[in-house]
Every structure is written in structure tokens, then in C-alpha cells.
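Protein chains in written order, with my numbering: chain E, 1 to 246; chain U, 1001 to 1246; chain P, 2001 to 2246; chain F, 3001 to 3246; chain V, 4001 to 4246; chain B, 5001 to 5246.
6 protein chains.
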Amino acid sequence: MFYHDNKLQYTVKVDKPNPAFANMLQQAIGGIEGEIRVCMQYLFQAWGFRGDVKYRDMLMETGTEEIAHIEMLATAVALNLEGAPQSLQEEMAKDKIVGAIMGGMNPRHVLSAGMSAMPVDSNGVPFNGSWVVGSGNIAADMYANVMAESTGRLLATRLWEATDDKGMKDMLSFLIARDTMHQNQWLAVLEELGGLEGVHPIPNSFPQAMENQDANYTFMSTRLDCKPETDGRWTQGKSMDGKGMF
Amino acid sequence: MFYHDNKLQYTVKVDKPNPAFANMLQQAIGGIEGEIRVCMQYLFQAWGFRGDVKYRDMLMETGTEEIAHIEMLATAVALNLEGAPQSLQEEMAKDKIVGAIMGGMNPRHVLSAGMSAMPVDSNGVPFNGSWVVGSGNIAADMYANVMAESTGRLLATRLWEATDDKGMKDMLSFLIARDTMHQNQWLAVLEELGGLEGVHPIPNSFPQAMENQDANYTFMSTRLDCKPETDGRWTQGKSMDGKGMF
Amino acid sequence: MFYHDNKLQYTVKVDKPNPAFANMLQQAIGGIEGEIRVCMQYLFQAWGFRGDVKYRDMLMETGTEEIAHIEMLATAVALNLEGAPQSLQEEMAKDKIVGAIMGGMNPRHVLSAGMSAMPVDSNGVPFNGSWVVGSGNIAADMYANVMAESTGRLLATRLWEATDDKGMKDMLSFLIARDTMHQNQWLAVLEELGGLEGVHPIPNSFPQAMENQDANYTFMSTRLDCKPETDGRWTQGKSMDGKGMF
Amino acid sequence: MFYHDNKLQYTVKVDKPNPAFANMLQQAIGGIEGEIRVCMQYLFQAWGFRGDVKYRDMLMETGTEEIAHIEMLATAVALNLEGAPQSLQEEMAKDKIVGAIMGGMNPRHVLSAGMSAMPVDSNGVPFNGSWVVGSGNIAADMYANVMAESTGRLLATRLWEATDDKGMKDMLSFLIARDTMHQNQWLAVLEELGGLEGVHPIPNSFPQAMENQDANYTFMSTRLDCKPETDGRWTQGKSMDGKGMF
Amino acid sequence: MFYHDNKLQYTVKVDKPNPAFANMLQQAIGGIEGEIRVCMQYLFQAWGFRGDVKYRDMLMETGTEEIAHIEMLATAVALNLEGAPQSLQEEMAKDKIVGAIMGGMNPRHVLSAGMSAMPVDSNGVPFNGSWVVGSGNIAADMYANVMAESTGRLLATRLWEATDDKGMKDMLSFLIARDTMHQNQWLAVLEELGGLEGVHPIPNSFPQAMENQDANYTFMSTRLDCKPETDGRWTQGKSMDGKGMF
Amino acid sequence: MFYHDNKLQYTVKVDKPNPAFANMLQQAIGGIEGEIRVCMQYLFQAWGFRGDVKYRDMLMETGTEEIAHIEMLATAVALNLEGAPQSLQEEMAKDKIVGAIMGGMNPRHVLSAGMSAMPVDSNGVPFNGSWVVGSGNIAADMYANVMAESTGRLLATRLWEATDDKGMKDMLSFLIARDTMHQNQWLAVLEELGGLEGVHPIPNSFPQAMENQDANYTFMSTRLDCKPETDGRWTQGKSMDGKGMF
Ligand SMILES: [Ca+2]
Ligand SMILES: [Ca+2]
Ligand SMILES: [Ca+2]
Ligand SMILES: [Ca+2]
Ligand SMILES: [Ca+2]
Ligand SMILES: [Ca+2]
């Protein structure tokens, strides 16, 4: 069961509203790297979880935190749209700053949403449930989660670089920090599960004797014009999962 | 900010797991009539709301409740998949009941989700953010909400009819009741806003003098083979918004 | 069976072509609030209708009218693209007005459509059949229709505000008027069906005794930091459907 | 402007309702080979057309006819769903015929649409506006139209083979005939435009001298293990457009 | 089995990087007229082919060539993004050229892709597998292929016109030439299959006696305000397939 | 540039064609865990790569190998559809095995694809370009790749369990082995890049001093009914990236 209060998890302040930046923030709400995706991903993983309850509980905790991140970003979008031209008419023939703003503003922020956030990305492409990974295999899911937080943090740092609004930079520095923690958190589970040798190959429940033994630790080259690289770690030494030799 | 505990809002019990019914329940999770849609719709409306705070607060309250409905249904899907063939192999050539089950089961419940719920509908079509309406106009949004709860309750009653599992019927009787309340809730807002004459036409901020006066209360027929019906309420009397004559 | 003539339902004239406005008009063609959606929605509702023939007939009449609205808007898009740079090349480094135009123009109007309308919204996201609601329940469908016309009229008034082109304003004043009528029309059906008490909760065919009696007229709070609002209509008095007390 | 009467373009009769066949018919409504696609394709091509009015008129005529085909098929879906189990409950454990029916029935025909057609394909994937081709080049569009009618007729013949319902076979024999005509119709335009040499390569307005002269009539092989085929028409003789030698 | 070397099929050089042009090039990668579509279309047609092996082989050859076209365009996108503002911040308030560039740049090229190409079109709408036509009927497929190359070449010529970058014009002149060849190639197959009379109507395996004989070579008018055109080739003379009279 | 020969990378043999299994195999072609996704993902990462050429080369090699996996699976789908009822008609009323087959067969394999593979998943949902991750950050991309191979191998093992066809099991044992190798390969890159401490948090180019120092290594609880778990690795000890303490 879920509850809420009227506080944000962290302050959201916009010093100088910028409709183009509002549009960019949409990527962090409804994009594949965004907060709706991680929110649903952790919650659906928790709701389908059948193993050790402590992982299920943790997934619930962090999934719930992510709702608060959507809330912060949706608030930031609304604040960045304050003062945006409700009517676009006069702005169309105006000066270059307006030109720049116009260039990056999402017309649907005016036409469809009345200056509010929408569950879409920065191209206006709607959030899509197919992005949510919950495979029923905890190791696979942890990698999916590390990856989601990694591309999410990458996005947040790019947004941080794209603005010089003090309020926005502060909010993003918080979200970036949470992504740091969440990366570490999913990696911690992987360590608890036994690390590389404990979980790989994923799934490790499949009897490895049943897989083709000529193909499972061999780099196969498809290149015609020269020999494949041989100084990569993937062509020599013990395999990362400790179960074969490259 | 959001919080949770480990209780469900209402008991979810499945007496006889049924993978085909699990698939049908997906419509109430990830379908256009489903709980993810109303959850996001009410929360995004709240986050973008600029009017009387009491409406914003109520949207937040009910949006948060809907997360708990997704949780209940996701739990119900997982329980209905208990005992489903992890390997589909042997079942394929078996008897007719299995045939029926096979017919309605979503193969991705096995292949992709390891017997868990997914944010998709009962055809496996992913949840789509474009379904979430938050227009910035409270009356338009209330109609969107009444409509969402109406098609949602219709779906829930059809699911209720489609099962004779006592646990599932009980859970659905709760969700149906909540949809009853939520329909009434959004209608109550419309009454507070002034009812039909107060809000229609939507938006009522547009100067009605600017709309074409020959076309705004006239039923226009496109039918060739006979006169249009004239005994409909829409061809005679005062218009519903009290601002014109049909 | 369907027929056409070569007249538009209402004059479409563009005084000063504007490719950015052409893109905005796309929202009214292929967006979720647009004319393709209402057209398909009313026609599919009519084709599946099993009740009183007068409603089916009316749905057909208005569904057919909506094709004419798509036609008007598609014509308006083509006219707004007249004179747009067929080659974008030289415009790229030009002056600020071009900058503004470039900002709002959809590159696919040049690249894919040869200066014509497309069944997409103002972000270029394609029309999606999932938006079409035809539930088999006339009251639910009427709410879906009121909602479609409300968000549609809201969109049309925002487009009206976004342009000072006399021709476009005139066309939009007609479409706005039709949306006024259509809102009233669907509301008239709801009145004929018995109004709030006659149709709610939707569906009213479900035996209300079977729904959970503790949950169907109670506002449930999910808020932690203070008591829920108690001065909303939804927390006191008779329920809107007349069948319970809040 | 568009009109309608209450007749179907051709009789639609279902002798023995079959919900699985209802689902298959959806492919011809909302699939990429279906009637919504050709309807929108011809109408959007007409609305954006800037050349000889006789082509525009013909596109309008046939686009309008296609609405009547959607109508026939939507009627056929509704008729095939008559007698389908409104409640799926009891059928689930019944006999093998029901098993077969269950297998092919779309649960959303019960859950979402109340036994009516929807703008989706036979997998429940919604109609998508991206399928509609209107390029602004009449020859390219005519090929798109030939192709649409070819895959459409192929689909209709496969549906014809998949049923032994006399009514359905009769309806399909009409739709198949129309597809024959429409294939011929678009080919007739291509002949009028000058045939292969007149229109190819498409677009023929591009100065052919500007294209790379080493690459425009040469079959390029990407195959390693043997010489490319040399007895294909595409490796010898005059090019089909009469403007080069293979 | 597939192989590669490190050469491009043709030189890709960008003289003056242009992020807005990078976005336009995306249409040729991930758009419905783009290279991913033809690549998948020819390969899936080949992999499912059951007829004369020489057609299967040719489909494989050209499908493989198309991967090289995606590669060229993805390289061109990356080169056009060189020098684009990694941080968008300072550019936002700058001068008009930047305004113009900003207008056309896809924010996801910065936010999501780190200045690389993505499998999306020039509106950021993702490539969609539904566009890939492989019907199992070689004539229908050849028309689908002619059509794909025709809209593809049209797009390439529009891109050619939209740039004055010498490198880009040169690359496009190569891709345009390949589209010329590919149009001719698929037409050559149609000639080998017997031309219009040999393949039409598609499919020609359906017994034409089973189609409705009143409807298969008749132009049906849906127009009310005047007689249909009678001077079109489609209303007089032998049908294009030689099997009827219009 | 790309090449091919007419051999498959590994034998594809189907002992007993099974149309329902053909449909399940589609998940491994066009699903989010499938081969089209990894193919595009590695190739797009390579084409946009700006770092050490040996990684770019390896991405090209493996991306090219994945095309051969699509080829194997598409061949397997076609073989499993051999002998499937071209006409579904007679099978509809037959016996239980047919019932089971019917239940799992994708009607579009008959209606749209003429018994061939399509770029869709096992629900018929089309492949979607949004699934392809190429972020411009090699560590983030490697995690995306490990995750793709992990869910991919999980899917392949589930398919292996779902069939007792010797040919199919053999093909899958090869694909499973390749996924084992590819997991190890991307992990090997991560080791070369410095392992957890070398790459995390991702991106590691962002100055960590700029992130909120109170939030970056703290587990934040959102749970009301009891204290959060404290015996997880993520609540004590050094952070996994070695840069903080939980
Ligand atoms: Ca987050
Ligand atoms: Ca609910
Ligand atoms: Ca309208
Ligand atoms: Ca047709
Ligand atoms: Ca090409
Ligand atoms: Ca693979």
C-alpha cells in the first residue's frame, strides 16, 4: 500500500523559467533512461519476486523513491514553463532568443498539457511499457537496474551541463547522487549473490554442460580484412565467470 | 514524497491459479482502461495543477491509491501464474483443458517475465504514455477521469463475470467499489465547479462570441437516405450547457 | 455506405502560410485530441452498437461529419506549407524569422510528405488506434465522447490563440462551434438515458450488491502529513449517483 | 465533405458466428494490409495533391469507398462475435471446440469492446498512422497503392480460404474483386504517366546526371562464397527505366 | 552467415558539421523510407523465401548491401554532430545561426546518444518492425520493394537538395544511384515473372472465378456532386492485367 | 561494409514442425531480449564510437555475428511453420492437439507473412528502435550489453526447456553458448576499463564533488511499517565503487 505527503524529496526551484529546458527534462521523466521506467521496473520486479524477502523489500523501497523523482521532475517542468508564451502567436516573429526558445519548446506543452509535464520523452515520444524489465531472474534484473541507473545518471549529468540555472543544477545534483547510490546498491546485491563467478553466466541454473562447448568461450570473428584483435581481455585468460578459458 | 508499507490495500487471494485469467488481468494493469493509466493521469494532473489546492490534494490522494491497485493486480497475476507450466513442452500435446489454458496464456509470462505481471495489456501491447490526459483544464480533466473510471469499472465487472474463483471475485468486488467511488468523486468536482452550465462548453474561458454562431447548437446531418432523427434531445430544446437552443 | 462531394464543410483560407502553424495543426489531425480519433471513435461505436437505433444513427452522422473536419485541417496544413522552403538549405543560415519558422517546422513535412498533412501529431508521433474507445456501454462511450470533444475544443481554442491569420481564425471558430455542439450532443444522450442517477455507476447493469459495500462511497486518504480535505463535495452528502452517502 | 446512408456497399451475412474468425478479420481492418490504411492513404494523398485534378478526384472517390469497406468488416466482426461467450468463465473448462475458439479469440473483444470491432490487427496491435504513405510524388504514391492493394488482396484471399462460412466467403469475394480493380486502377495511372520509362527512376525530376554514374545500373554483389547470379534480368540488358544498361 | 570489413561502401565526408542536418539524415536511417526498413525487408523476404533460389540469393545480396547504407548514414550523422555543443547551455542565448541550428537539432542526440546516430526518424519516432513487408508472395513483395526504393530515393533527393555540403552531396549521389538500381532490379523481377499480365491481380493463385464478377473491373463512384471522371485510363479499355475490361 | 555467404553460422534443423513454437521463437527475433536488438545495439554503438579502436572493432565483429543469429532464428521459424495449415479452416473444429497448436500460433504467420518470420515478438508486437541503447559512454553501454545478453540467454534457456525437438534444442544450445561468451566479453571490457572502481559511478567523468554529498551513498527508506533492512550489503561497508561508505 502507498502513501504520500505534500513535501518533495528534495527542493525544486527554478530561477529563470526556460521552456526549452522543460522539454529536455521530459527525457528524464518519460524517456527510456527516465524515472517512470526505473519506478515501474523496481516495483514490477518486487511484485513478481519469489526469492529472499530482503531483496523484494529493497526493490519496493527504491521503486517508491522513484515516484518521488518523477514528482520532482514534473514539478521542475511546470516551473520551467511558467512565463512561457501561452499564446505562441506574437513570439513567432520576434527576436532571436525567442527563436532559440521556440526551437526547443515542445508545442504539446502548450497545446495538449496546458504548461504541465507529460509522460513523454524530449521528442514527445510517449513512455512505453516495453522498456520495463522484470525477468524473474534476480541477477539479470540487477544488471538491468545498474544499466538503467547508469544511462539515467549519464542523462542527468548532461542535463546538469545544459543549464546554468542554479535551482535546476541543485536539483540535478541530488538526482545524480541518488543514481550513484542506486548503481552501488544493485552492484551490492550482485556481490551478495556471489559476484561474477556466482551469477554468471545468467541464468546460472541452466546446466552448462548442455550448452555448445565449442562456442561458449570463444571470440568469433566476422571480419574479413584483417585478423581480429588479440590483445583484448576477451581473447585470452580465464573467462570472467571463472568457468572457462577464452 | 511517497511511502509504502507491506500490506496490500485489500486482500488478494487466488483459490485456483489460472494462467489464462492472469493474462486477462493484464488488461486492468497495462491496458488503456487500466490502473497504470489512472495512476499516472491523476498524479500528472496534480503535479501540473495551478488552481484551488484542494483539488490538487485530492488528485494526489487518489493517484496514490491507484498505485496500490496496480500492486494488487500485479500480485493477482503472479498468483494466477503459480503452478503454470514453467516449461511449456509437455503441456503442448496434452489434454483439452491444457489446450484451453494454452489458448489464453501469454507466452511472454513464461518467456520474458518468469511468471510475473508486466506493464502490458491482455494482447501484450505495452502501456503507452499517450493515454494519460492532463490538459490543464480541470473540467476537461474531470471528464477524462469519469471516463477512465467508467471504462475501468466496466472492465472490472467483465473480469468478475469471467471468473468463478472466489478470491478473485472478492478482490474485484473491492476494485469495482473503488471505481464507483471514483466516478462519483470526479462528478462531485464537476458539480462544485457549477455543473453543466458552469463548465460547458469546455473550455469556458474562450469567448463564446468568437465561435461560429450558426454552427454551435445545430445538429448537422450527413445522411442521404432519410431525414435525420428529430426526436433526440439533441435536436430540440435548450442546449445542455444552457447557453443556446438546439 | 459513404459518399462525398468536392466542397469543404466550411471555408479554409490561409492568408499568410506558416509552416510552424502547419505543424501545430497536426495535433488537431493526428493527436489524441484530434479529428481522426473522434471520427474513428464515433464510427466504431456506431458499427458495434446493439441498442436503440436512433443513437447508432446519430453516431454515424457525427462520425461522418468528422471526416470532413480531417479534410478541412489537412487542407489547412497543405495551405500553410505553401511557400515553405522545398529545399531547406539556404534558409538554414538566414535571419531570425526563418530561425523561428525552422524551429517549429516538422522536417517530415518536407522530407516525407512533400508539403502535405500526415496522420501524426505535432511531435510527429503517429496516430494510434489504441486511442479509440468503443466499450459497448453507451454511457461510458458518451463520457468518452464528451471528454474527446472537451480536449478537442481546448486544443482548437489554443490553436485559435496561437495564430493571427484571419483565415485560420475563421476556420477554427467553426471547428470550435462544432465541438460546442458535440459536447452538448453527447450530454443530451446522457440526459435521455436518465442523467447521473440513471447511468451511474457505469456500468449500471452490474448488481451493486456484489460490490464491496465498505469501499464504494468512501473517500480513502493516502496522505500522511495531515487530514484529508473534508470540505469537498466528495466527502459529504449524497453520492452523485444518488445511490449512497459519501 | 462526406455523407453516408444506412446501406452497406455489399451484403454482410454471417451464417455461423465464429469469434476466432472475428479476430482474423481484424487484420483486414486495423492491420498494415487493412482498410483503414488504404482509406487514410488515398484520402491524405488527395488532400495534399497539387497536380492534375482528375487524379485527386479519383483518389477521393476510392478513399471514400474504403470507408465503406471498414464498415463492412466492422459489421462482420460484430456478427461473428454474436453468441460468443460474454462471460468466458464456464467455457474455460469445456470441450475442445471451445478450446479451439478460445485459442483464437481476442480477449479484448470481450473485455474492452463489448463484442465489437476495434481499430487493431489480429494480434491486437493498434492501427498506426506511420503506415500511411503520401509522399507528394504521384508515381511513388501509385506504387505504394498497388502494393497496399496487393498485400490487401493477398490477405483477403487467405481469409477466404480460412473460412467455410458462406456469408463470409461472399463478402470476401466482393472485397477481393475490389482489390483487383484497385490494383488495376493504380496501374492505369502509372501507364498514363508514361509507364516505366515515363516515371522511373522515382522521382524523375531529379537530374540523373547528378547521381553517381558508376552505381546506378550495376548489380553489386555482397556474396563471398560464389559469383552472383548472372542469369537474372537485373544483370543484363537495358534497364527497366530505359535509361541505362545493367 | 555475415561478415564485414572496415571500409565503407562509399566515402562519407562532411565538410561542415551541421547538427540539424544530422537530424534530417535520421529519416534515412530509422524512418519508414529508410535503410533499416529496406535492409530488414529484403533479408526477411530472403529468409522466408520458398521459390526459385536465384531470387532468394538476390534478396540476400541486396539486403546485405543495405546494412552498409545504414553504416554510411550512421557515420554521416556522427560526423555532422562533431562540434555540436556538448553542453547546450551557452548556445541557448546566443546568435541567430545557433538559433536555427538549435531549432533543428534533436535534443536526444546530446541527451541520449552522446552525438551518435540512433534507430529513429527525424521526429525521434523509433524504427518500427511493422513497416517490414514480407508477404510470402513474390510479386506483392516486389511491389513493396519498388515502393520502398521509390520513397527512399525521393527522400534522398530531398536531403541532397537540403544541403550544400559537398561531402554530403557526394554521399547522397551514391545512395540515390543505388536506389535507381534497386528500383530497376525489383522491376526486372516483375518482368521475369511475366509482367502485368503475369502477376496481376496479386495473388494470381486465387481462382478469379471466385471473385465477384460485377465488381472486379468497375470503377465505383462515391461522388455526389458530379459524374465521375470518364477520361481516365481506369474507366475504359482493357484492364491492366489483361483479364477484364474496365 | 558487409558481406555474406549462404551458410548458416550453425545448423538449423527442425524435426517436427510446430507453429506454436514458431511463435515463441519470435520473442528471440523481435522481442526486447532478441537478436535484432543486440545486433542494432552493437552496430550503432560501433558506428558512434569515438574511443579506442579495439572496442569499436569488437563491437562491429559481434554486431555482425548477431545478424547471423537473426538469420538462424528466422530460418527456424520458417521450418517450424512448414506443414502448418495454410488454410486454418478445417483445423478449427478438429482435435485437441490442433486446439493446442491453434492456441499458440500467431494468425499473422498465415495472414500476413505466408509462413515466414517477422520482426515482431511472441505477442506480435513489432520490434521497436527505442530498445537500442548506445549512450556514447562505453561503461554504460557495456552494462546495457551484459544485460541484453543476460535476458537473451534467459529467454533462450526458456525456449530450450519449452521444446523437445532435437534440432531446436541443438540450435538453442549454440545460441545459449554464444550468449555465455558475449556476457563474458562485455564483462572483460569492464575489467579492462578498471572494474567497479574504474568505471563507477557511471559516468565517471562527472566531478563527484558536484553531486549532493548527503545522498550519494545513503540508502533511503520509504517504508512506514518497519525499519528498513540493515543486513544488506548496501547499508554497510565501503561502496561498491570504492568512493564512499554506505
Ligand atoms: Ca531516480
Ligand atoms: Ca483503480
Ligand atoms: Ca470535430
Ligand atoms: Ca478495400
Ligand atoms: Ca539503400
Ligand atoms: Ca545472439
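For glycine and all other residues, C-beta sits at the position ideal for the given N, C-alpha and C. Note that this is a predicted model, so its numbers are computed, not measured.
{"Check": "Cβ of residue 4001 of chain V within 8 Å of any chain B Cβ", "Outcome": "yes"}
{"Check": "Nearest residue (CA-CA) to residue 3109 of chain F, options P:2112, P:2200, P:2134", "Outcome": "P:2134"}
{"Check": "Distance between residue 4129 of chain V and residue 2125 of chain P (C-alpha atoms, nearest Å)", "Outcome": "16 Å"}
{"Check": "Cutoff 8 Å: residue 1146 of chain U Cβ touching any chain P Cβ", "Outcome": "yes"}
{"Check": "Cβ-Cβ distance between residue 2033 of chain P and residue 2152 of chain P below 8 Å", "Outcome": "yes"}
{"Check": "Rounded separation between residue 4132 of chain V and residue 2122 of chain P - CA only", "Outcome": "25 Å"}
{"Check": "Per-residue contacts from residue 5119 of chain B into chain F (C-beta, under 9 Å)", "Outcome": "In chain order: nothing, as chain F lies at least about 12 Å away."}
{"Check": "Bridge-paired residues (DSSP) for residue 4245 of chain V", "Outcome": "V:4238"}
{"Check": "Residues of the region 2199 to 2233 of chain P whose Cβ lies closer than 7 Å to any Cβ of chain E, in chain order", "Outcome": "2222, 2223, 2224, 2225"}
{"Check": "Residue 1211 of chain U: CB within 7 Å of a non-hydrogen atom of ligand 3", "Outcome": "no"}
{"Check": "Sufficient close CB pairs (3 or more, under 8 Å) joining the region 1177 to 1185 of chain U to the region 2181 to 2189 of chain P", "Outcome": "no"}
{"Check": "Collapsed DSSP secondary structure at residue 2223 of chain P in the structure displayed", "Outcome": "strand"}
{"Check": "Stretch-stretch touch, CB-based, cutoff 8 Å, three pairs: the region 2010 to 2027 of chain P with the region 3067 to 3084 of chain F", "Outcome": "no"}
{"Check": "is_contact[residue 1239 of chain U, chain P] using C-beta, thresh 8 Å", "Outcome": "yes"}
{"Check": "Contact set between residue 2128 of chain P and chain U, taken where Cβ atoms lie within less than 8 Å", "Outcome": "1128, 1130"}
{"Check": "Endpoints, the beta strand (DSSP E) within which residue 3004 of chain F is located", "Outcome": "3002 to 3004"}
{"Check": "beta-carbon residue 4066 of chain V near ligand 5 non-hydrogen atom, thresh 7 Å", "Outcome": "yes"}
{"Check": "Contact the region 1112 to 1120 of chain U vs the region 48 to 57 of chain E: 3+ CB pairs below 8 Å", "Outcome": "yes"}
{"Check": "Beta-carbon contacts of residue 4206 of chain V that lie in its chain and below 7 Å, excluding the five residues immediately before and after", "Outcome": "none"}
{"Check": "Alpha-carbon spacing of residue 1035 of chain U relative to residue 1029 of chain U, whole angstroms", "Outcome": "5 Å"}
{"Check": "Assigned secondary structure, residue 4053 of chain V (DSSP; H/G/I helix, E/B strand, else coil)", "Outcome": "helix"}
{"Check": "Beta-carbon separation (whole angstroms), residue 2024 of chain P vs residue 107 of chain E, contact threshold 8 Å", "Outcome": "5 Å"}
{"Check": "Continuous alpha helix (DSSP H) stretch holding residue 1043 of chain U: start and end", "Outcome": "1035 to 1047"}
{"Check": "In DSSP terms, what residue 4126 of chain V is bridged to", "Outcome": "V:4120"}
{"Check": "Residue 5196 of chain B vs residue 5232 of chain B beta-carbon contact at 8 Å", "Outcome": "no"}
{"Check": "CB contact flag (residue 1060 of chain U, residue 4 of chain E, <8 Å)", "Outcome": "yes"}
{"Check": "Cβ-Cβ distance between residue 3027 of chain F and residue 3193 of chain F below 8 Å", "Outcome": "no"}
{"Check": "Beta-carbon contacts of residue 5149 of chain B that lie in its chain and below 8 Å, excluding the five residues immediately before and after", "Outcome": "5038, 5179, 5182, 5183, 5186"}
{"Check": "Coarse secondary structure for residue 1075 of chain U, derived from DSSP in three states", "Outcome": "helix"}
{"Check": "Cβ-Cβ distance between residue 2212 of chain P and residue 1173 of chain U below 8 Å", "Outcome": "yes"}
{"Check": "Sequence-distant residues of the same chain with beta carbon closer than 8 Å to residue 4165 of chain V, five excluded per side", "Outcome": "4014, 4015, 4016, 4018, 4021"}
{"Check": "Contact set for residue 3042 of chain F: own chain, Cβ-Cβ below 8 Å, skip 5 residues either direction", "Outcome": "3059, 3060, 3062, 3063, 3066, 3145"}
{"Check": "Where the alpha helix (DSSP H) containing residue 4019 of chain V begins and where it ends", "Outcome": "4019 to 4030"}
{"Check": "Interface partners of residue 5049 of chain B on chain E, CB under 9 Å", "Outcome": "In chain order: nothing, as chain E lies at least about 14 Å away."}
{"Check": "Reduced DSSP category for residue 4146 of chain V - H, G, I as helix; E, B as strand; rest coil", "Outcome": "helix"}
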